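Student: Numbering (the working numbering), first residue to last: 692 to 756.
Provided herewith is a single structure, encoded as structure tokens, for subsequent inquiry.
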């Protein structure tokens, strides 16, 4: 890439929720252990294919404020 952008990768399982009545349902989302591994591999792939120091990530499963 010619631009020197930084990349921020944040896990966001709520995007995979579906509405079930008045509440969101996340039963079809990936299991937490598998999702954490998938997230880590995604971050690693970005770091390998782009400048690793420019790839930032959030803490998997952390509450965002």
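Ideal Cβ placement from N, Cα and C applies to all residues, glycine included.
If you're wondering where the values come from, they're calculated on a predicted model, not measured in any experiment.
1. For residue 721 and residue 701, I'd like the C-alpha separation in whole angstroms.
2. Run through the DSSP bridge pairs and tell me what residue 715 is partnered with.
3. In three-state terms, what does DSSP make of residue 746?
4. Output needed for residue 762: all residues of its chain with C-beta closer than 6 Å, excluding positions within five of it in sequence on either side, in chain order.
5. Count the other C-beta atoms from every protein chain shown that fall within 10 angstroms of the C-beta of residue 730, then say buried if there are 16 or more, exposed otherwise.
Tutor: This is what the structure gives:
1. 16 Å
2. 710
3. Three-state result, residue 746: strand.
4. Given a span of 692 to 756 for the chain in the structure shown, any question on residue 762 remains unanswerable.
5. Residue environment analysis places residue 730 among the buried positions, since at least 16 neighbouring C-beta atoms fall within 10 angstroms of its C-beta.
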